[in-house]
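*Asks:* Protein sequences, first through last, are from chains A and B.
Using this note's numbering, you'd call the opening residue of the first sequence number 1 and step up by one each time.
Using this note's numbering, you'd call the opening residue of the second sequence number 1001 and step up by one each time.
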Amino acid sequence: MAHEHKLEIFRGLLKFKSNTQKIWGVLVFLTIVTAVEVGLGISKPRFLTHNYFIGMKLLNWIFIILTLVKAYYIAWDFMHLRDEKSSLRRAIVWTPIFLICYLIFILLFEADYIYNVFKDGFLAWNF
Amino acid sequence: MDTTVTTGTEDSVWGGGNRPLNASYGKMMMWFFIVSDALTFSGFLVSYGFSRFKFIETWPIADEVFTHVPFFHGNYPMYYVAFMTFILIMSSVTMVLAVDAGHKMMQKKVILYMFLTVIGGAIFVGSQAWEWATFIKGDYGAVETKGGRILQFVDAETGERAALADFAKTLPEERVEHMKNQGVWFQGEGYKTSFSLNEVVEGFKATPNILIRTETINEEGEKTVLNRQESLSKLSQAMQVVEGANLIHNEYGSRLFADFFFFITGFHGFHVFSGVVINIIIFFNVILGTYERRGHYEMVEKVGLYWHFVDLVWVFVFTFFYLV
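#1: Along chain B, which residues have their Cβ under 7 Å away from the Cβ of V38(A)?
#2: DSSP state of F127(A), grouped into three classes?
#3: Do G1275(B) and Y1306(B) count as a contact pair if the criterion is CB distance below 8 Å?
#4: Does DSSP classify M1030(B) as helix, strand or coil?
#5: Taking the straight line between their C-alpha atoms, what separation do you get for L1045(B) and E8(A)?
#6: In the DSSP assignment, what residue or residues form a beta bridge with E8(A)?
#7: At what residues does the alpha helix (DSSP H) containing R90(A) begin and finish?
#8: Quick check on DSSP: helix, strand or coil for M1179(B)?
#9: Does the segment 1058 to 1075 of chain B come close enough to the segment 1085 to 1097 of chain B to have 3 or more Cβ pairs within less than 8 Å?
#10: Contact defined as beta carbons within less than 8 Å: I believe G1269(B) pairs with V1176(B). What is the distance between those atoms, to the nearest angstrom?
#11: Examine chain B for any beta-carbon lying closer than 8 Å to the beta-carbon of Y102(A), and answer yes or no.
#12: Closer than 7 Å, Cβ to Cβ, to anything on chain B: give me those residues from the segment 65 to 97 of chain A, in chain order.
#13: Given a threshold of 16 other Cβ atoms within 10 Å of its Cβ, counted over all protein chains shown, does Q1128(B) qualify as buried or as exposed?
#14: Reducing DSSP to helix, strand and coil, say where Y1322(B) ends up.
#15: In chain B, what lies closer than 7 Å to D112(A) by C-beta?
#16: For R1161(B), I'd like the list of residues in its chain whose CB is within less than 6 Å of its CB, leaving aside the five on either flank, ordered along the chain.
#17: Go to E1220(B), then tell me how far its beta strand (DSSP E) extends in each direction, as first and last residue.
#18: Quick check: is the beta carbon of N51(A) nearer than 8 Å to any beta carbon in chain B?
#19: What residues in its chain sit with their C-beta under 6 Å from that of F1309(B), if we drop five residues either side in the sequence?
#20: So what does DSSP say about N1250(B), is it helix, strand or coil?
#21: So, for D1311(B): in the same chain, excluding its five sequence neighbours on each side, which residues have a beta-carbon less than 7 Å away from its beta-carbon?
#22: Does the beta-carbon distance from T1058(B) to T1170(B) come in below 8 Å?
#23: Is DSSP giving L58(A) helix, strand or coil here?
#24: Counting only C-beta atoms, is I23(A) closer than 8 Å to chain B at any point?
#25: For F1321(B) and chain A, any beta-carbon pair shorter than 8 Å?
Structure, rendered in structure tokens:
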């Protein structure tokens, strides 16, 4: 069991004195991120919902990026991936990331194709 | 973890007894399970994305669906889900604190933190049950067309949603009930709505300031509201009244939305539930001093990993179901 904890987050920008302190620090950070998400979700600023980047609203990009940030801190600090050997960490993290990216790519493209078939094809469904 | 019998084979890599990647067997297996479970969940979430992209122009808008907070009336989009997220993150925190106290062999503290974790998990499962009940019960009611599309009602002046009870007429109708002795084939009635289709249609015709809102999302990212003329002609296609949501009918819009809601949050809720049960077992083991005698609290760490994973999944469910 790895008893030593790495106590730095944000690439060493913030260094905590003890593991307990780090846990509370991460909680504060996660709460702020969630609050930002909910705030944006309720206010829906116009320039974020009307500008697109690679076919997706900027707002949704922000949500997804913030989610990945939260996931990173949960996995790294709560699940102690930060303290594990890098080989174990890579095996755990990159395997699903690779498979999930592939799945997202293939299913969303297929869905978009079906959307176009429904839209332009000789098929009525919205009646 | 150090339960393996030392036989003096530590020097040879393949002789057993050593720990590859510096993680014990149990922890490693927990990670294997988590990775495979993560793939299961991403399969669900991506298939949700698939259905959503397929019907991108008519998909329900989540913050119009989940607008309730217990004990409060009114329109509060997402506040309750945000609260649930916070509860789950908080119980994750008490879990890490329990693991941390376990490393330091402080039994009393582990007991306290495990207890708080269990409470947090129970609050979350309870909230989810409440969310389900509210979703199933429904809000305003709607009608379904022949093509299975949902038509909702709005007040023309305020633009706010109108409930069926606001305008539906009560007609002296009698429902013909199907009796067991009258049919070769008998099925229980099951789904009953508070108004018949005829009552809703008549009420709609008699109330000029009610309009129909279709599923189609317009340029502004809002649902399209028809004018009175279009509304009346659209209503003639209505086949039945829908109140609330189940696997077949869904007053909030696409029925696939309800199906995925039940399936994904249900599967996640089941994970939380089993997490709570496992946490309770470990909690009692800690009280009984099992890990004190064993000399280490690695078991707490292992269930901790599972518990954090449940939290991790929720972060994604929250984003893809409620925010995006």
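The C-beta atom is built at its ideal place from N, Cα and C for all residues, glycine as well.
*Replies:* Short version:
#1: Counted from its first residue, the first sequence places residue 38(A) at position 38. Here the neighbours are M1078 and A1082.
#2: For the purposes of this step, residue 127(A) is taken as residue 127 along the first sequence, with counting starting at 1. Here F127(A) sits in coil by DSSP.
#3: Translated into the one-based positions of the second sequence, residue 1306(B) becomes position 306. Translated into the one-based positions of the second sequence, residue 1275(B) becomes position 275. Going by C-beta atoms, Y1306(B) is nearer than 8 Å to G1275(B).
#4: Reading the second sequence from its first residue, position 30 is the one you call residue 1030(B). M1030(B) falls in the helix class under three-state DSSP.
#5: For the purposes of this step, residue 1045(B) is identified with residue 45 of the second sequence, where counting begins at 1. For the purposes of this step, residue 8(A) is identified with residue 8 of the first sequence, where counting begins at 1. Rounded to the nearest angstrom, the two C-alpha atoms are 32 Å apart.
#6: Indexing the first sequence from 1 puts residue 8(A) at position 8. Partner(s): K15(A).
#7: Residue mapping note: residue 90(A) aligns to position 90 of the first sequence, counting from 1. Where R90(A) is concerned, the enclosing alpha helix (DSSP H) stretches over S86 to D120.
#8: Residue mapping note: residue 1179(B) aligns to position 179 of the second sequence, counting from 1. M1179(B) carries a coil assignment under DSSP once its states are collapsed to helix, strand and coil.
#9: Counting C-beta pairs closer than 8 Å gives fewer than three between the segment 1058 to 1075 of chain B and the segment 1085 to 1097 of chain B, which falls short of the contact rule.
#10: Position 269 of the second sequence, counting from 1, holds the residue named residue 1269(B). Position 176 of the second sequence, counting from 1, holds the residue named residue 1176(B). Between G1269(B) and V1176(B), the beta carbon gap of about 40 Å keeps them out of contact (Cβ cut-off 8 Å).
#11: Within the first sequence, residue 102(A) is the residue found at index 102, counting from 1. No, no contact with chain B.
#12: From the segment 65 to 97 of chain A, only T67, K70, A71, I74, A75, F78, M79, E84, K85, S87, L88, I92, T95 and P96 have a Cβ closer than 7 Å to chain B.
#13: By 1-based counting over the second sequence, the position of residue 1128(B) is 128. By the neighbour-count definition (other C-beta atoms within 10 Å, threshold 16), Q1128(B) is a buried residue.
#14: Your numbering for residue 1322(B) matches position 322 in the second sequence. Three-state result, Y1322(B): helix.
#15: For this step, residue 112(A) is matched to residue 112 along the first sequence. What D112(A) touches in chain B: F1053.
#16: On the second sequence, position 161 is the one that residue 1161(B) refers to. Closer than 6 Å at Cβ, skipping near neighbours: Y1140 and V1154.
#17: The residue labelled residue 1220(B) in the question sits at position 220 within the second sequence. Element bounds for E1220(B): n/a, residue is neither H nor E.
#18: Numbered from its first residue, the first sequence carries residue 51(A) at position 51. For N51(A), the closest Cβ of chain B is not nearer than 8 Å.
#19: Within the second sequence, residue 1309(B) is the residue found at index 309, counting from 1. Cβ within range, chain order: I1034.
#20: As a first step, residue 1250(B) must be located in the second sequence, where it is residue number 250. N1250(B) sits in a strand when the DSSP states are folded into three classes.
#21: Walking along the second sequence from the start, residue 1311(B) turns up at place 311. Counting only Cβ-Cβ distances below 7 Å, and skipping sequence neighbours, we find L1088, I1089 and S1092.
#22: As a position in the second sequence, residue 1058(B) is number 58, starting the count at 1. As a position in the second sequence, residue 1170(B) is number 170, starting the count at 1. For T1058(B) and T1170(B), no; Cβs fall outside 8 Å.
#23: Taking the first residue of the first sequence as 1, we reach residue 58(A) at position 58. Helix.
#24: Here residue 23(A) refers to the residue found at position 23 when the first sequence is read from its first residue. Judged by the 8 Å Cβ criterion, I23(A) is in contact with chain B.
#25: Looking up residue 1321(B) in the second sequence gives position 321. False, the Cβ-Cβ gap to chain A never drops below 8 Å.
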